[in-house]
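Q: For the sequence shown, the residue numbers in this note's numbering are 300 to 758.
This is the structure, below, for whatever I ask next.
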Amino acid sequence: MTAPLLVPAAVRGSARPARRIVSWGFGPTALRLFALGLALMIPAWIDRRAVLVMFVWDAVVLAACAIELARMPKAGDLTVQRSWQETLALGVPASVTIEVESGGSLPVTLWAADYVPAALSAELTELKIELAPGATALATYTLVPRQRGDAALDLVAVRYRGPWQLIERWAIASLPQTVRVYPDLREAQQHTLAVIRARQIAMEKRRAHAFGLGRDFESLREFEPGDELRDVCWTATARRGRLVTKIYQPERSQTVWILIDTGRLMRARAGGRTRLDRAANAAFALAEVATTAGDRVALLAYGRRGQRHVPASRGAAHLRALLELLATVQPESADADHAGAAALLMTMQKRRALVVWLTDVAETAAVPEVIESATRMLPRHVVLLAAMQDRELSALARAVPAQSTDMYRVVAAQEVLERRATLLLQLRQRGAFALELGPEELTAAVIDGYLNVKERNLV
Numbered sequence: 300m301t302a303p304l305l306v307p308a309a310v311r312g313s314a315r316p317a318r319r320i321v322s323w324g325f326g327p328t329a330l331r332l333f334a335l336g337l338a339l340m341i342p343a344w345i346d347r348r349a350v351l352v353m354f355v356w357d358a359v360v361l362a363a364c365a366i367e368l369a370r371m372p373k374a375g376d377l378t379v380q381r382s383w384q385e386t387l388a389l390g391v392p393a394s395v396t397i398e399v400e401s402g403g404s405l406p407v408t409l410w411a412a413d414y415v416p417a418a419l420s421a422e423l424t425e426l427k428i429e430l431a432p433g434a435t436a437l438a439t440y441t442l443v444p445r446q447r448g449d450a451a452l453d454l455v456a457v458r459y460r461g462p463w464q465l466i467e468r469w470a471i472a473s474l475p476q477t478v479r480v481y482p483d484l485r486e487a488q489q490h491t492l493a494v495i496r497a498r499q500i501a502m503e504k505r506r507a508h509a510f511g512l513g514r515d516f517e518s519l520r521e522f523e524p525g526d527e528l529r530d531v532c533w534t535a536t537a538r539r540g541r542l543v544t545k546i547y548q549p550e551r552s553q554t555v556w557i558l559i560d561t562g563r564l565m566r567a568r569a570g571g572r573t574r575l576d577r578a579a580n581a582a583f584a585l586a587e588v589a590t591t592a593g594d595r596v597a598l599l600a601y602g603r604r605g606q607r608h609v610p611a612s613r614g615a616a617h618l619r620a621l622l623e624l625l626a627t628v629q630p631e632s633a634d635a636d637h638a639g640a641a642a643l644l645m646t647m648q649k650r651r652a653l654v655v656w657l658t659d660v661a662e663t664a665a666v667p668e669v670i671e672s673a674t675r676m677l678p679r680h681v682v683l684l685a686a687m688q689d690r691e692l693s694a695l696a697r698a699v700p701a702q703s704t705d706m707y708r709v710v711a712a713q714e715v716l717e718r719r720a721t722l723l724l725q726l727r728q729r730g731a732f733a734l735e736l737g738p739e740e741l742t743a744a745v746i747d748g749y750l751n752v753k754e755r756n757l758v
């Protein structure tokens with residue numbers, strides 16, 4: 300998969316008048332000249348001939364305006380194009396180019412404003428373009444996407460003046476387009492070293508032939524002290540008259556399931572991004588690393604109302620499918636159905652796999668559903684559960700209370716954190732890998748956990 304495949308297509312269209320009746324007005328030069336003509340009203344109190352001079356002056360100005368208006372390109376003479384230079388990714392600056400082609404015979408100074416939704420930019424940028432007759436000119440502005448998913452764009456507003464600045468015309472170009480904002484792809488690129496390390500691990504395993512650690516059959520040999528009885532090949536033993544054991548090599552292709560919680564808790568923001576944004580970044584980075592290491596990756600995003608998943612596979616087309624899902628998944632207002640997601644995964648994945656669960660632990664009187672669901676999967680799968688810390692809660696727990704009311708809040712925060720730590724510890728004691736870390740640390744920690752599982756050949 301290469302980034303150019305994700306760059307939105309350019310959109311081109313002809314402009315039209317911004318208003319049905321009058322789509323032009325007087326420019327700054329004309330207004331100044333008319334103001335100068337009005338100044339002749341002062342001497343008109345003394346000499347009435349000044350009024351005649353004023354009318355003649357205004358007539359000349361109007362004639363000049365009419366000439367410029369007639370020579371200026373009409374709205375239909377302008378063609379506008381919007382083109383994109385980079386893939387749109389959350390929080391990553393992207394360049395947008397507005398190109399205008401003139402079919403008129405007069406040079407104009409043009410200002411173009413692309414009306415982008417708030418999800419793409421918090422500001423409206425007006426671009427100034429000097430446009431020669433029959434020529435094409437362009438200008439570029441930068442936006443920083445603030446939300447993953449699809450965003451709809453349409454109108455580009457244009458206003459332009461002739462060389463004398465007497466007349467200003469107004470036009471709009473309809474360039475309807477839906478663009479998609481993806482997770483921050485830079486996080487995946489920043490973990491190139493992790494990919495190299497994963498390749499080295501695979502090469503070392505193939506070179507060392509770590510017998511007995513995997514479950515892929517390789518060969519037979521005579522039974523030796525320390526071999527497990529379950530590995531004895533009884534048919535070969537019967538033929539040879541002595542114990543023969545099976546030799547296994549580490550599995551070269553394993554399945555990695557990424558579970559992403561899209562429930563209420565994932566709406567919380569940290570550093571300008573939601574926890575779900577952080578989880579999407581980590582999920583794609585992990586998918587790239589795992590695919591490069593030869594593993595098959597599946598993805599399940601679940602909330603309360605629905606579930607979306609991409610079956611296990613590998614390759615560039617599969618990574619693209621994962622990325623499209625991660626770009627469009629949005630947090631819900633209700634708690635996620637963890638039990639339903641776990642049951643669905645257990646149904647779809649019968650063989651042992653690594654399950655990387657990106658979620659958070661709700662504060663409840665009973666054991667949270669996500670902890671119970673992860674525990675039920677442990678007999679069959681390797682579970683790596685990554686819960687994101689609440690930075691504000693951690694800061695409150697460390698605070699020194701200034702008065703008695705503050706003390707209760709601090710103690711309550713400490714109790715919440717202690718309970719979370721206890722729940723995650725219990726999950727570790729049952730065999731899971733349970734992490735609690737800051738949102739900005741999620742990607743590196745998840746990839747490191749995956750590589751740790753690969754090194755130890757636990758799947």
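Just so you know, even glycine gets a beta-carbon here, dropped at the ideal spot from N, CA and C.
Small disclaimer: the values here were computed from a predicted structure and weren't measured.
By the 10 Å Cβ neighbour count, where 16 or more other Cβ atoms means buried, how is T742 classified, buried or exposed?
A: Translated into the one-based positions of the sequence shown, residue 742 becomes position 443. So T742 counts as buried.
Q: Within 10 Å of its beta-carbon, does N751 have 16 or more other beta-carbons around it, so buried, or fewer, so exposed?
A: For the purposes of this step, residue 751 is identified with residue 452 of the sequence shown, where counting begins at 1. Its Cβ having fewer than 16 others within 10 Å, N751 is exposed.
Q: Going by Cα to Cα distance, which pick from E623, R604, R563, I746 is closest to R478?
A: In the sequence shown, the residue the question calls residue 478 occupies position 179. First, the amino acid is wrong: residue 478 is Val here, not Arg. Among E623, R604, R563, I746, the Cα nearest to that of V478 belongs to E623.
Q: Per DSSP, which residues does W656 bridge with? Please list them.
A: Counting from one through the sequence shown, the residue named residue 656 turns up at place 357. Looking at the DSSP assignment, W656 forms a beta bridge with L558, L684.
Q: V628 and A579 - do their beta-carbons sit closer together than 8 Å?
A: Mapped onto the sequence shown, residue 579 falls at position 280. Mapped onto the sequence shown, residue 628 falls at position 329. Their beta carbons are under 8 Å apart, which means A579 touches V628 by this criterion.
Q: What three-state label does DSSP hand E759 in the structure shown?
A: Since the first and last residues shown for the chain are 300 and 758, residue 759 lies out of range.
Q: Below 8 Å between beta carbons: does that hold for I366 and V399?
A: Taking the first residue of the sequence shown as position 1, residue 366 is located at position 67. Taking the first residue of the sequence shown as position 1, residue 399 is located at position 100. For I366 and V399, no; Cβs fall outside 8 Å.
Q: Could you give the C-beta distance for E759 and G602, rounded to a whole number, given that I count them as a contact under 8 Å?
A: This structure leaves residue 759 out entirely; the chain is present only between 300 and 758.
Q: What number of angstroms, rounded off, separates the C-alpha of T408 from the C-alpha of A349?
A: Position 109 of the sequence shown, counting from 1, holds the residue named residue 408. Position 50 of the sequence shown, counting from 1, holds the residue named residue 349. Looking at the two C-alpha atoms, the distance is approximately 35 Å.
Q: Quick one, which of W410, A431, C364, A472 has its alpha-carbon nearest G312's?
A: Position 13 of the sequence shown, counted from the start, is the residue given in the question as residue 312. Considering only alpha carbons, the answer is A472.
Q: On the DSSP bridge list, what partners appear for F325?
A: Taking the first residue of the sequence shown as 1, we reach residue 325 at position 26. BP columns for F325 point to I466.
Q: Within the same chain, show all residues whose beta-carbon is closer than 8 Å to that of A418, passing over the 5 residues directly before and after it, in chain order.
A: Mapped onto the sequence shown, residue 418 falls at position 119. So the qualifying residues of the chain are P444, R445, Q446, G448, A450, V480.
Q: Per DSSP, what kind of secondary structure is T386 in: helix, strand or coil?
A: Residue mapping note: residue 386 aligns to position 87 of the sequence shown, counting from 1. If DSSP states are grouped into helix, strand and coil, T386 belongs with coil.
Q: Excluding the 5 residues flanking V543 on each side, which residues of the same chain have their C-beta closer than 8 Å to its C-beta?
A: Here residue 543 refers to the residue found at position 244 when the sequence shown is read from its first residue. Cβ within range, chain order: L519, R520, E521, F522, V531, C532, A535, T536.
Q: L657 and A582 look like a contact to me (Cβ under 8 Å); what is the Cβ gap, rounded to whole Å?
A: Locating residue 657 in the sequence shown gives position 358, where the first residue counts as 1. Locating residue 582 in the sequence shown gives position 283, where the first residue counts as 1. Indeed, because the Cβ distance is near 6 Å, the residues count as touching under 8 Å.
Q: By DSSP, does Q476 sit in helix, in strand, or in coil?
A: Position 177 of the sequence shown holds residue 476. Looking at Q476 - three-state DSSP - the assignment turns out to be strand.
Q: For the alpha helix (DSSP H) that Q728 lies in, which residues bound it at each end?
A: Within the sequence shown, the letter at position 429 stands for residue 728. Looking at the DSSP string, the run of the alpha helix (DSSP H) that includes Q728 is 703-728.
Q: Over the uninterrupted alpha helix (DSSP H) stretch that includes R460, give me the two end residues.
A: One-based indexing of the sequence shown puts residue 460 at position 161. R460 -> not in any alpha helix (DSSP H); beta strand (DSSP E) instead, spanning 448-460.
Q: Assuming R650 and T554 form a contact by the criterion Cβ under 8 Å, report the distance between their Cβ atoms to the nearest whole angstrom.
A: The count along the sequence shown starts at 1 and reaches residue 650 at position 351. The count along the sequence shown starts at 1 and reaches residue 554 at position 255. Sure, about 7 Å apart at Cβ, within 8 Å.
Q: Starting from the N-terminal side, write out each stretch of the alpha helix (DSSP H) that is 4 residues or longer and does not extend beyond the stretch 549-630.
A: You should have 574-591, 615-627.
Q: What separation, rounded to the nearest whole angstrom, lies between the Cα atoms of R690 and P630?
A: Mapped onto the sequence shown, residue 690 falls at position 391. Mapped onto the sequence shown, residue 630 falls at position 331. One C-alpha to the other measures close to 20 Å.
Q: As a quick exercise: from P610, K373, L484, L726, pick the residue whose alpha carbon is nearest that of V321.
A: The sequence position of residue 321 within the sequence shown is 22, counting from 1. Cα-wise, what sits closest to V321 is K373.
Q: Considering only residues of the same chain and omitting the five flanking positions on each side of Y266, which have a CB-CB separation below 6 Å?
A: No information on residue 266 is available, as it lies outside the stretch 300 to 758 that the chain covers here.
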